[in-house]
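Participant: Got a structure for you, written out below as structure tokens; questions coming shortly.
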Amino acid sequence: MLNRRHFLSTTLLAGLTTLFTNTKAAADQSKKIFSSNSPPKPVIVSNGRKLPWEIVNGAKQFHLIAEECEQEFAPGMKVKCWGYNGSTPGPIIEATEGDRVRILLTNNLKEHTTVHWHGIFLPNGMDGVGGLTQPSIKPGETYAYEFTLRQHGTFMYHPHADEMVQMAVGMMGMFIIHPKEQVTNVDRDFAIMLHEWAIHPGTYRPDPAVMLDFNIFTMNGKVFPAIEPMVVKTGERVRLRLGNLSMDQHPMHLHGFAFKVTATDGGQIPAAGQWPQTTVPVPVGSTRDVEFIADEPGDWVFHCHKSHHTMNAMGHDIPNTLGVDQSEVSQRIQSLLPGYMAMGEDGMAEHAMHGKHMTGPENTLPMMMGDGPFGPIEMGGMFTVIKVRDQLSNYDDPGWYEHPKGTLPKKW
Amino acid sequence: MLNRRHFLSTTLLAGLTTLFTNTKAAADQSKKIFSSNSPPKPVIVSNGRKLPWEIVNGAKQFHLIAEECEQEFAPGMKVKCWGYNGSTPGPIIEATEGDRVRILLTNNLKEHTTVHWHGIFLPNGMDGVGGLTQPSIKPGETYAYEFTLRQHGTFMYHPHADEMVQMAVGMMGMFIIHPKEQVTNVDRDFAIMLHEWAIHPGTYRPDPAVMLDFNIFTMNGKVFPAIEPMVVKTGERVRLRLGNLSMDQHPMHLHGFAFKVTATDGGQIPAAGQWPQTTVPVPVGSTRDVEFIADEPGDWVFHCHKSHHTMNAMGHDIPNTLGVDQSEVSQRIQSLLPGYMAMGEDGMAEHAMHGKHMTGPENTLPMMMGDGPFGPIEMGGMFTVIKVRDQLSNYDDPGWYEHPKGTLPKKW
Amino acid sequence: MLNRRHFLSTTLLAGLTTLFTNTKAAADQSKKIFSSNSPPKPVIVSNGRKLPWEIVNGAKQFHLIAEECEQEFAPGMKVKCWGYNGSTPGPIIEATEGDRVRILLTNNLKEHTTVHWHGIFLPNGMDGVGGLTQPSIKPGETYAYEFTLRQHGTFMYHPHADEMVQMAVGMMGMFIIHPKEQVTNVDRDFAIMLHEWAIHPGTYRPDPAVMLDFNIFTMNGKVFPAIEPMVVKTGERVRLRLGNLSMDQHPMHLHGFAFKVTATDGGQIPAAGQWPQTTVPVPVGSTRDVEFIADEPGDWVFHCHKSHHTMNAMGHDIPNTLGVDQSEVSQRIQSLLPGYMAMGEDGMAEHAMHGKHMTGPENTLPMMMGDGPFGPIEMGGMFTVIKVRDQLSNYDDPGWYEHPKGTLPKKW
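Chains as they are written, first to last, in this note's numbering: chain L, 35 to 446; chain H, 35 to 446; chain D, 35 to 446.
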């Protein structure tokens, strides 16, 4: 308790309405925190923020602001989303079992909204289903939800009003409830909200009417390589908390380790029921907690295994030219569409090299964006790296892994 | 035994061929039944019916009739489906482990069919795979399947002949086998068949060639708000039996409670392997039984968490106009298409209010249809309400929940 | 050990570079092997092959060759794929926990590639992520991966370079690691790689830019009825090892039995956590091992339960004509498109009978292809048969099941 009150002192927060939006500052602050060992250990939010609180009338009072926000998915692409307090996903709400929480929702959108507390046990009136359990909250209004937390785990918040539109354009966040007493010995505890978007090339607003054909895939509102790596010391126990409010189940795959699926938003799974996996399917409308011991150093990738979900907007709806000599036709199309680059006769790897310095549609990321120590990493989208190191003085990005002699594939 | 023979006496059924089609009557009858406590407790089929039987030559004899039927998904939309005994899904077959069953299938379609008993252990010849384990059953023919039930749980029946077409247009049903002795203390036991349909706006026949882009989503052949609520007394143990023969996994989410996944169509899951969840992904070609104690009164929604699956036909393939002033263009389009309503500049919530009294394509439900105690519930499709009440004299719909003072979000 | 050295003697393999491609010979050889009982019992690869090895410098040395290959999915359809050693999926790599393995990868493609060893614990440098853990392997180059196997189970291999393209066109294979000591008493152990393809009618190259709308579905690179049946003796314990690197989860359904899900590519599931199922959803980027006792003789089908996935290319994107008299319009279209066959007014079953002798688009399989003992089996794609027999002198295809008297449905 004492530790978190230190982190977010009531003095600091008094009167705060717009809340801090500097993610760099938040990240720095969280790095400092995580050197502490006092339970409950705060969750880590790569690229994200936490919602501050202050004690008011015996409850932890949080303030969510539903509003339009311009979010940079990666340099070169800014998207007009709807979110909370200036970002999508909104800042994480973090609390402890037994807490009385009061969450104000101010609606700065131009249409009504509500907040539903996904997975959380509460009185029916606090459930946030517009029309059914409350009137929807009109533009300009503020409503207060208040309830006592009777459980712990990984939960979410999102609107239950014009839900199809509001979730598609980014209104969602995670709600972490720590147990009163720490039940596992987790050293690094990361929270990641998955999402997918239909942002037609050359546009800057997500299209909420798309049901299937998404083209941008994010972790905590960013695409690779703009997603911060997760930094871990060899031997540490790592928990990944994954949330999904998109339209597709995402099979999230980890290299180098097998994890156990330890919890859902319905609670902890008994030890004998925890499946070992390298790929956890995170169903729509669900969270999954997975845990593993990071006992092997290196740069280990963590990504959605649907291969198109590790590509950006160019990864589909292009003509198939494998095995086709198209040198002439490409030139002709380029005279009309200067940014045009056909899929290669021999594959698409050349895009990773050329894509970055060619002109594509406005505000549209190239398909493959990353650069690694050995050349282009032909990935974008829902892809990141867990950096496991034997020696770490802090959890700042340690750079690329230096492979011990004899542990790289040899040219034969 | 005695109780069910009372329910469906052989006298009543002798010679019955068309079977009762009045769902209201069936529902009333089932309400009466469930005040009885004698095991095995019959399953409850919201909006649906059960297939009667009579003892003939030592077997429980059922009679399924494969036929075209006109089904009202909700007022304003009637669909030409194929089903059994006048509806889709067909009536539930309910029996007990150890029973000898004989099921007659009369084919009143214009093409051949078979019935496969999904998940049920039986002699290979009774498996119903047209061409492989039997000749397909021609129009006008009747075949008798006969086998002894060696297991209990939640199963399904569907054709294994022209399967892609016949299932897409509605040929399916559930097959509940009770254990000889009740193994759990379930008080309310609901069976729900999920399905999805491609019914192009303005048409009235499902399109079986659609593989991905479905636009109507049903529980027991109905869309919200035409889906009957599930009524439960506070503290009762509730089982939901969910079946899916569509083309998509449906992540079914319950508000207010966490349930345990207790069984699949492969059998009971050991207690230590039962995952607690708030959202159960029901895979294609599977059933899931989930159980929870309804210990919190209120109106709790239960729905597919793919947000487009809680919308009707308008929820996709419309232009994205978020943030676009379209007042002029809308007028122009309306002069050509009188029912046209663009997605709003500021979201789609306005549709819930205006959609109902505007003219849309013929035989096509508006996207959002429900009305609640606090205004429009912006939902359609695969969405319903579980009504949990402290006081109930019967299981008729008790109306909307009255929230105790102080349990609604406050205007701030 | 001795047994397998007999199977693939080092003498036989010395200098082998192109490796054996005769699947018939491999199948015959494996049939002989499985009459042996010495652990570890080799896995069975219907329609497929295993990658030979020889001991070189203390390691089992395998040689994979990435290359274009022409693969016959079924008679009438040859596809220009990319695979390994002449096929897709590539030959299975089979080894034992504790083995030191060295795997050479020669790149005979026209663009660079790598190999990632999906699910396998190894030094980070051997992980095969192009750009991140190694430079991608250029056309003409050979690289050697070398590591010691520290686990057992069902794993996979595939490129992590231009991954979206290379996996879509077939570059993938399975990697089976046996435990040092056999942990289950499995009698028949089948390995099946699932995949899906977008091969536009009339073309012969998979389209890697398709993300959703696939039209050909394979097991070990074949479609039904070109998929070899799995032959089992009554009472034997059967394991199916299923791998999936496509873009969709496939719900694989077994008739006649319930299996338990015993392992994933993350390891063995504790007994209490093994769900009984008749349909196992195999997530993208995952493997699933399932086990059952084949205690009921017969011809039992095993298939993806998404009904379109048991159809070939004609199963979608055709007009819906259910209930429409189209005799005249069909004639008119046929005068323009000689192969045109509308979906029937009364269903599509007639296609199974007529489809085979009508002219369709070039190199495109008819939708339903199988023939059974009772007429057409209206299936194609991801569908096969497990043949369980009381008497077997070997595991050759025993023909169709002969049903005992009284075990077929009776005409009424």
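Positions of the beta carbon are idealized from the N, C-alpha and C atoms, including for glycine.
1. Beta-carbon of Lys445 (chain H) versus every beta-carbon of chain D: anything under 7 angstroms?
2. So who's on the other strand from Ile261 (chain D), going by DSSP bridges?
3. What's the gap between the Cα of Arg134 (chain H) and the Cα of Glu88 (chain H)?
4. Quick one: Cα of Val422 (chain D) to Cα of His212 (chain H), how far?
5. Can you give me, in chain order, the residues of the stretch 297-319 of chain L that have a beta carbon less than 9 angstroms from any beta carbon in chain D?
6. By how many angstroms is the C-alpha of Gly414 (chain L) removed from the C-alpha of Phe417 (chain H)?
7. In chain L, what lies closer than 7 angstroms to Tyr179 (chain D) by C-beta?
8. Evaluate Thr182 (chain H) with the Cβ neighbour count: other Cβ atoms within 10 Å of its Cβ, from every protein chain shown; 16 or more gives buried, anything less gives exposed.
9. Listing by chain order, which chain L residues have their CB less than 8 angstroms from the CB of Ala202 (chain H)?
10. Three Cβ pairs or more, each shorter than 8 angstroms: is that satisfied between the stretch 73-92 of chain H and the stretch 216-225 of chain H?
11. Just the Cα atoms here: how many angstroms apart are Phe68 (chain L) and Gly82 (chain L)?
12. Here's the rule I'm using: 16 or more other beta-carbon atoms within 10 Å means buried, otherwise exposed. How should Leu53 (chain H) be labelled?
13. Between the C-alpha atoms of Phe190 (chain D) and Thr147 (chain H), what's the straight-line distance to the nearest angstrom?
14. Got a sec: is the Cβ-Cβ distance from Pro123 (chain H) to anything in chain L below 7 angstroms?
15. Using a cut-off of 7 angstroms between C-beta atoms, extract the partners of Asp133 (chain H) located in chain D.
16. Taking the DSSP output, what are the residues bridged to Met297 (chain L)?
17. Tell me the residue span of the alpha helix (DSSP H) that contains Ala202 (chain D).
18. Tell me whether Arg38 (chain H) sits in a helix, a strand or coil according to DSSP, three-state version.
19. Establish whether the CB of Phe326 (chain H) and some CB of chain C are separated by less than 7 angstroms.
20. For Thr188 (chain H), which residues does DSSP report across the bridge?
21. Taking a contact to mean a Cβ-Cβ separation below 7 angstroms, would you say Gln302 (chain D) touches Leu442 (chain L) in this structure?
22. Mapping DSSP to helix, strand and coil, what is Ser427 (chain H)?
23. Under the rule that 16 or more other beta-carbon atoms within 10 Å means buried, what is Lys256 (chain L), buried or exposed?
24. Could you tell me which of L:Leu85, L:Leu138, L:Ile411 and L:Gly433 sits nearest to Pro193 (chain D), measuring between CA atoms?
25. Answer with buried or exposed for Gln200 (chain L), where buried requires no fewer than 16 other C-beta atoms within 10 angstroms of its C-beta.
26. Which residues, in order along the stretch 418-439 of chain D, keep a beta-carbon less than 9 angstroms from a beta-carbon of chain H?
27. Taking a contact to mean a Cβ-Cβ separation below 7 angstroms, would you say Ser280 (chain D) touches Glu325 (chain D) in this structure?
28. Residues in its own chain within less than 6 angstroms of Gly162 (chain L) by CB, not counting five upstream and five downstream?
29. Which residues, in chain order, does the stretch 242-263 of chain H contribute to contact with chain L at a C-beta distance below 9 angstroms?
30. Can you find a C-beta in chain H that's less than 7 angstroms from the C-beta of Gly174 (chain L)?
31. Which stretch, first to last residue, makes up the beta strand (DSSP E) that contains Gly332 (chain H)?
32. Would you kindly work out how many angstroms separate the C-alpha atoms of Asn142 (chain H) and Pro173 (chain H), rounded to a whole number?
33. Which residue comes first and which comes last in the beta strand (DSSP E) that contains Trp87 (chain H)?
34. Out of curiosity, what's the CA-to-CA distance linking Lys445 (chain L) and Thr188 (chain D)?
35. Of all the options D:Ile327, D:Leu138 and D:Arg136, which has the alpha carbon lying nearest to the alpha carbon of Val272 (chain D)?
Facilitator: Put simply:
1. For the purposes of this step, residue 445 (chain H) is identified with residue 411 of the second sequence, where counting begins at 1. Taking Cβ atoms only, chain D never reaches closer than 7 angstroms to Lys445 (chain H), which makes this a no.
2. Indexing the third sequence from 1 puts residue 261 (chain D) at position 227. According to DSSP, Ile261 (chain D) bridges with nothing at all.
3. Position 100 of the second sequence holds residue 134 (chain H). Position 54 of the second sequence holds residue 88 (chain H). For Arg134 (chain H) and Glu88 (chain H), the distance between alpha carbons rounds to 12 angstroms.
4. To locate residue 422 (chain D), count along the third sequence from 1; it is residue 388. To locate residue 212 (chain H), count along the second sequence from 1; it is residue 178. Using only the alpha carbons, I get a separation of about 29 angstroms.
5. Ile303, Pro304, Ala305, Ala306, Gly307, Gln308, Trp309, Pro310, Gln311, Thr312, Thr313, Val314 and Pro315
6. The sequence position of residue 417 (chain H) within the second sequence is 383, counting from 1. The sequence position of residue 414 (chain L) within the first sequence is 380, counting from 1. The straight-line gap from Cα to Cα measures roughly 35 angstroms.
7. Working through the third sequence from its first residue, we reach residue 179 (chain D) at position 145. Those within 7 angstroms of Tyr179 (chain D) in chain L are Pro443.
8. Within the second sequence, the letter at position 148 stands for residue 182 (chain H). Classification for Thr182 (chain H): exposed.
9. As a first step, residue 202 (chain H) is located in the second sequence; it is residue number 168 there, counting from the start. Under the 8 angstroms cutoff, chain L gives no residues; its nearest Cβ is about 17 angstroms from Ala202 (chain H).
10. yes
11. For this step, residue 68 (chain L) is matched to residue 34 along the first sequence. For this step, residue 82 (chain L) is matched to residue 48 along the first sequence. Interpretation of Phe68 (chain L) is limited by its pLDDT of 37, a score under 50 that renders its predicted location unreliable; no figure is taken from the coordinates.
12. Working through the second sequence from its first residue, we reach residue 53 (chain H) at position 19. Note that Leu53 (chain H) scores 34 on pLDDT, short of 50, meaning its location in the model is unreliable and no value can be drawn from it.
13. By 1-based counting over the third sequence, the position of residue 190 (chain D) is 156. By 1-based counting over the second sequence, the position of residue 147 (chain H) is 113. It is worth fixing the name first, because residue 190 (chain D) is Met in this sequence and not Phe. Rounded to the nearest angstrom, the two C-alpha atoms are 40 angstroms apart.
14. Within the second sequence, numbered from 1, the residue matching residue 123 (chain H) stands at position 89. So no, Pro123 (chain H) is outside the interface.
15. Sequence index remark: in the second sequence, residue 133 (chain H) carries index 99 (1-based). Ordered by position in chain D, no residue passes the 7 angstroms Cβ test against Asp133 (chain H), which lies about 18 angstroms from the chain.
16. Indexing the first sequence from 1 puts residue 297 (chain L) at position 263. What sits at residue 297 (chain L) in the sequence shown is Ala, not Met. BP columns for Ala297 (chain L) point to L:Gln302 and L:Asp323.
17. In the third sequence, residue 202 (chain D) corresponds to position 168, counting from 1. Counting along the chain, the alpha helix (DSSP H) containing Ala202 (chain D) begins and ends at Glu197 to Ala202.
18. For this step, residue 38 (chain H) is matched to residue 4 along the second sequence. Because Arg38 (chain H) carries a pLDDT of 36, less than 50, the predicted location of this residue cannot be relied on, and the following value inherits that uncertainty. Correct three-state label for Arg38 (chain H): helix.
19. Here the protein chains are L, H and D, and chain C is not one of them.
20. Within the second sequence, the letter at position 154 stands for residue 188 (chain H). H:Ile210.
21. Looking up residue 302 (chain D) in the third sequence gives position 268. Looking up residue 442 (chain L) in the first sequence gives position 408. No, these two residues do not count as a Cβ contact at 7 angstroms.
22. One-based indexing of the second sequence puts residue 427 (chain H) at position 393. DSSP places Ser427 (chain H) in coil when its eight states are reduced to three.
23. Residue 256 (chain L) sits at position 222 when you count from the first residue of the first sequence. Buried.
24. As a position in the third sequence, residue 193 (chain D) is number 159, starting the count at 1. It is L:Ile411.
25. Against the first sequence, residue 200 (chain L) aligns to sequence position 166. Gln200 (chain L) comes out buried.
26. Val419, Val422, Trp434, Tyr435, His437 and Pro438
27. Indexing the third sequence from 1 puts residue 280 (chain D) at position 246. Indexing the third sequence from 1 puts residue 325 (chain D) at position 291. No. Outside cutoff.
28. For the purposes of this step, residue 162 (chain L) is identified with residue 128 of the first sequence, where counting begins at 1. The answer, listed in chain order, is Thr148, Val149, His150 and His194.
29. Hits within the stretch, in order: Leu246, Asp247, Phe248 and Asn249.
30. In the first sequence, residue 174 (chain L) corresponds to position 140, counting from 1. Cβ-Cβ to chain H under 7 angstroms: no for Gly174 (chain L).
31. Locating residue 332 (chain H) in the second sequence gives position 298, where the first residue counts as 1. Note, Gly332 (chain H): beta strand (DSSP E), Gly332 to Cys338.
32. What you label residue 142 (chain H) is simply residue 108 of the second sequence in a count that begins at 1. What you label residue 173 (chain H) is simply residue 139 of the second sequence in a count that begins at 1. Each residue's Cα considered, the two are about 6 angstroms apart.
33. Your numbering for residue 87 (chain H) matches position 53 in the second sequence. Unbroken beta strand (DSSP E) run through Trp87 (chain H): Trp87 to Val90.
34. Here residue 445 (chain L) corresponds to residue number 411 of the first sequence, with the count starting at 1. Here residue 188 (chain D) corresponds to residue number 154 of the third sequence, with the count starting at 1. Those two C-alpha atoms are separated by around 28 angstroms.
35. As a working note, residue 272 (chain D) is residue 238 in the third sequence. Here the closest residue by C-alpha is D:Ile327.
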